[in-house]
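Student: UniProt numbering numbers the first residue of the sequence shown as 1 and each following residue consecutively. From the three backbone atoms N, C-alpha and C, an ideal C-beta is built for every residue, glycine too. Note that the coordinates shown come from a computational prediction; the quantities given were computed from them, not determined experimentally.
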Amino acid sequence: MREDESTPRHYRVAIIGTGFAGLGMAARLKRDGLDDLVLLERANDVGGTWRDNTYPGAACDVPSHLYSLSFRRNPGWSRSFSGQPEIWRYLRKTAEDEDILGHIRFGHEVRSCRWDRDGNRWRIDTSQGTITAQFLVSGAGALCEPSLPDIPGLPEFQGTVFHSARWNHDHDLTGRNVAVIGTGASSIQFVPQIQPQVGHLHLFQRTPPWIIPRHDRDITRVEKWAYRNLPFTQTLARRSIYWGRENYIFGFVKNPKLMKGVEAISRAHMKRHVKDPELRAKLTPDYRAGCKRILLSNDYYPSLTRPNVSVVTDGISEVREKSVVTRDGTEREVDTIILGTGFHVSDIPIAAQIHDAEGVPLAQRWGDDPQALRGTTVAGYPNLFLLAGPNTGPGHTSHVFFIESQINYTMAALRYACRNRLDRLDPRPEAQDAYVRRVQRKTRGTVWVAGGCDSWYLNSKGNNVALWPGFSWEFALQTRKFDPHNYHLRKETPVRRTPTGAAA
Ligand code: NAP
Numbered sequence: 001m002r003e004d005e006s007t008p009r010h011y012r013v014a015i016i017g018t019g020f021a022g023l024g025m026a027a028r029l030k031r032d033g034l035d036d037l038v039l040l041e042r043a044n045d046v047g048g049t050w051r052d053n054t055y056p057g058a059a060c061d062v063p064s065h066l067y068s069l070s071f072r073r074n075p076g077w078s079r080s081f082s083g084q085p086e087i088w089r090y091l092r093k094t095a096e097d098e099d100i101l102g103h104i105r106f107g108h109e110v111r112s113c114r115w116d117r118d119g120n121r122w123r124i125d126t127s128q129g130t131i132t133a134q135f136l137v138s139g140a141g142a143l144c145e146p147s148l149p150d151i152p153g154l155p156e157f158q159g160t161v162f163h164s165a166r167w168n169h170d171h172d173l174t175g176r177n178v179a180v181i182g183t184g185a186s187s188i189q190f191v192p193q194i195q196p197q198v199g200h201l202h203l204f205q206r207t208p209p210w211i212i213p214r215h216d217r218d219i220t221r222v223e224k225w226a227y228r229n230l231p232f233t234q235t236l237a238r239r240s241i242y243w244g245r246e247n248y249i250f251g252f253v254k255n256p257k258l259m260k261g262v263e264a265i266s267r268a269h270m271k272r273h274v275k276d277p278e279l280r281a282k283l284t285p286d287y288r289a290g291c292k293r294i295l296l297s298n299d300y301y302p303s304l305t306r307p308n309v310s311v312v313t314d315g316i317s318e319v320r321e322k323s324v325v326t327r328d329g330t331e332r333e334v335d336t337i338i339l340g341t342g343f344h345v346s347d348i349p350i351a352a353q354i355h356d357a358e359g360v361p362l363a364q365r366w367g368d369d370p371q372a373l374r375g376t377t378v379a380g381y382p383n384l385f386l387l388a389g390p391n392t393g394p395g396h397t398s399h400v401f402f403i404e405s406q407i408n409y410t411m412a413a414l415r416y417a418c419r420n421r422l423d424r425l426d427p428r429p430e431a432q433d434a435y436v437r438r439v440q441r442k443t444r445g446t447v448w449v450a451g452g453c454d455s456w457y458l459n460s461k462g463n464n465v466a467l468w469p470g471f472s473w474e475f476a477l478q479t480r481k482f483d484p485h486n487y488h489l490r491k492e493t494p495v496r497r498t499p500t501g502a503a504a
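1. Given a threshold of 16 other Cβ atoms within 10 Å of its Cβ, counted over all protein chains shown, does Asp356 qualify as buried or as exposed?
2. With a CB to CB cut of under 6 Å and the five nearest residues on each side skipped, what residues in its chain are close to Arg12?
3. Between which two residues does the alpha helix (DSSP H) containing Asp52 stretch?
4. Grouping DSSP H, G and I as helix and E and B as strand, with all else coil, what is Ala504?
5. At 4 residues or longer, what runs of the alpha helix (DSSP H) sit wholly inside the region 196 to 245?
6. Around the Cβ of His65, are there at least 16 other Cβ atoms within 10 angstroms (buried) or fewer (exposed)?
7. Let me check one thing: in DSSP terms, what residues is Gly393 bridge-paired to?
8. State the Cα-Cα distance for the pair Phe20 and Leu91, rounded to the nearest angstrom.
9. Taking 6 Å as the limit between beta carbons, can you name the residues of its chain near Val465, skipping five residues before and five after?
10. Run through DSSP, which three-state label would Thr18 get?
11. Evaluate Glu321 with the Cβ neighbour count: other Cβ atoms within 10 Å of its Cβ, from every protein chain shown; 16 or more gives buried, anything less gives exposed.
12. What would DSSP say about Arg497, mapped onto helix, strand or coil?
13. May I have a chain-ordered list of the beta strand (DSSP E) segments no shorter than 3 residues that lie completely inside the region 266 to 353?
14. Taking the alpha-carbon of Val309 as reference, which of Thr49, Val161, Val178 has the nearest alpha-carbon?
15. With His163 as the anchor, note down where its beta strand (DSSP E) starts and where it stops.
16. Going by DSSP, name the residue or residues bridged to Phe81.
17. For His202, collect the residues of the same chain with a Cβ closer than 6 Å to its Cβ; drop the 5 residues on either side in sequence, then sort them by chain order.
18. Going by Cα to Cα distance, which pick from Met411, Arg89, Leu422 is closest to Asp45?
19. Provide the residue(s) that pair with Gly129 in DSSP beta bridges, ordered along the chain.
20. Rounded to whole angstroms, how far is the Cβ of Arg214 from the Cβ of Phe401, which I believe are closer than 8 Å?
21. On the DSSP bridge list, what partners appear for residue 506?
22. Per DSSP, Val378 forms a beta bridge with which residues?
23. In terms of alpha-carbon separation, which member of Asp125, Cys453, Ile104 lies closest to Pro208?
24. Between Asp170 and the ligand HEM, is there a pair consisting of the residue's CB and a ligand heavy atom that are separated by less than 7 Å?
25. Is the region 183 to 191 in contact with the region 48 to 64, if contact means three or more CB pairs nearer than 8 Å?
Next comes the structure, spelled out in structure tokens:
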């Protein structure tokens, strides 16, 4: 449906994206009785990152009983760490069961959102026309824009190149000479899957990750029966995963030396699977575990010991038409390059599309230092809620838990606005600054700044812009209620009515 430019349709709430954040937000609004909402989705299906990441072996490294919406438990998860197809199905079913599909405008890419100060609303231009909304919620997500490396010659490569989040399923890898660039969370999942199929796999590693065993298994029929018929058993399972993972914070935040325990587990795991000391030396990180995301895999190390795999640690100097050249001058012929180089996470790509009343894009206001009150609202950009905003990423637990905390906060704010007939909520700059200072103080001494690595968690000044530096329940506590004293609030202009009650 193309929106009418002359009289844009107005909604109470517009949501960008239909991943966990967008669908979770819409479901909570619907359950609260709000129907005047629209979800703008650039693709033709729901699912966000779980729709886009179809690479072989794509799965979640947080157990599904925790990595799911608390108000939409799924007793039928087939494995402890579900694969992408099952998580995507869960999200599609959420959209259906919560009656959200009718609110989604598919194929509507958001081009620009601008705050209209006089009209007290957001004007949202999409690839299929314009709408307006009183409140704008971004559920655009952190893992939506692939990060493509700036390697000289890469655009001139004559073979096939694709990013792990845009897997080219039409390109048969059988017998190919493949270069994989990057050894992060995605690569370690697809490398073991493609290794048996390819001719030779050159794995270009810049920084080795710490990897520990992944205790994945089928969920038994008895367990599924119990989760379905005795729901408290699923609550127990969820809570035990949750509290087990919270323990990481003692090492990440309180005392990074505690992470030596994880390093010992990782070293033992590597030693069990990699007998060659030279390869082990290449694969052993030189920074504290946790400084970058700790990864889980049982098949990554074994796959690297196969004769058709080379782990290359000399940096890439250039890509030529049919090869990749490293700084030591070695040229390796390849016909396929797979980029496992991650995403634009810390620069929050949707910020380039969101403008204040003067037209200043949020991305420009932020530079490389994104800041928001409670990771969610931004001074000068009223009635905007950023799910997966700055400092709302977990290094240790389910991102969905953080998204839900932000949804709680957004719900509390919208309810407060409705109860008090407010049409504008704009965080006070001083409240936002104080909050950001608190977060940065909490970050001091954590493994992310003191762990001896470079990561996308930190900006050019070394400030943590991505992660929440504490227990996840602390974040949930501070987003439980709306905090009106931190906001400039504006009362709705009363609608003048004619004696017959019609708006004048
Ligand atoms: P990532 O973890 O950010 O890893 C990117 C990899 O590419 C790193 O090894 C990085 O090396 C390398 N790299 C980047 N630019 C490079 C360049 N120019 N030259 C050479 N190497 C380069 O990305 P990802 O694996 O796609 O994962 C992204 C995020 O997605 C993860 O942190 C995680 O939150 C999420 N994820 C989650 C799951 C899950 O199961 N929940 C699964 C997949 C992904 P350096 O380390 O040296 O920078």
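Tutor: So, to answer that:
1. To locate residue 356, count along the sequence shown from 1; it is residue 356. Classification for Asp356: buried.
2. Here residue 12 is taken as the residue at index 12 of the sequence shown, counted from 1. Within the same chain, Arg12 has close Cβ partners Asp36, Gln134.
3. For the purposes of this step, residue 52 is taken as residue 52 along the sequence shown, with counting starting at 1. That run of the alpha helix (DSSP H) goes 49 to 52.
4. As a position in the sequence shown, residue 504 is number 504, starting the count at 1. For Ala504, the predicted structure reports a pLDDT of 42, less than 50, and the residue's modelled location is therefore unreliable. A value from the coordinates is still provided. Here Ala504 sits in coil by DSSP.
5. 221 to 229
6. What you label residue 65 is simply residue 65 of the sequence shown in a count that begins at 1. Classification of His65: buried, given that the 10 Å Cβ count is 16 or more.
7. The sequence position of residue 393 within the sequence shown is 393, counting from 1. The partner list for Gly393 (beta bridge, DSSP) reads Leu467.
8. Your numbering for residue 20 matches position 20 in the sequence shown. Your numbering for residue 91 matches position 91 in the sequence shown. Between Phe20 and Leu91, the C-alpha separation is close to 7 Å.
9. Position 465 of the sequence shown, counted from the first residue, corresponds to residue 465. Taken in chain order, the residues that qualify are Ser346, Pro370, Pro390, Asn459.
10. By one-based count along the sequence shown, residue 18 stands at place 18. Reduced to three states, the DSSP call for Thr18 is coil.
11. Locating residue 321 in the sequence shown gives position 321, counting from the first residue. So Glu321 counts as exposed.
12. Counting from one through the sequence shown, the residue named residue 497 turns up at place 497. In this prediction, Arg497 has a pLDDT of 49, which is less than 50 and means its spatial position is unreliable; nothing more can be read from the coordinates.
13. 309 to 312, 316 to 320, 323 to 326, 331 to 333, 336 to 339
14. In the sequence shown, the residue the question calls residue 309 occupies position 309. Val309 has its Cα closest to that of Val178, out of Thr49, Val161, Val178.
15. As a first step, residue 163 is located in the sequence shown; it is residue number 163 there, counting from the start. It spans 160 to 163 - the beta strand (DSSP E) in which His163 sits, taken as one unbroken run.
16. On the sequence shown, position 81 is the one that residue 81 refers to. None, per the DSSP bridge assignment.
17. The residue labelled residue 202 in the question sits at position 202 within the sequence shown. Same-chain partners within the cutoff: Ala179, Ser310, Val312, Arg332.
18. Walking along the sequence shown from the start, residue 45 turns up at place 45. Nearest C-alpha to Asp45: Arg89.
19. What you label residue 129 is simply residue 129 of the sequence shown in a count that begins at 1. Gly129 pairs with Thr126.
20. Along the sequence shown, one-based indexing puts residue 214 at 214. Along the sequence shown, one-based indexing puts residue 401 at 401. So it is not a contact: roughly 20 Å between Cβ atoms.
21. Not covered by the structure: residue 506. The range shown for the chain is 1 to 504.
22. Working through the sequence shown from its first residue, we reach residue 378 at position 378. Tyr381.
23. Along the sequence shown, read from residue 1 onward, the residue named residue 208 stands at position 208. The shortest Cα separation from Pro208 among Asp125, Cys453, Ile104 belongs to Cys453.
24. Here the bound small molecules are the ligand NAP; the ligand HEM is not part of this structure.
25. yes
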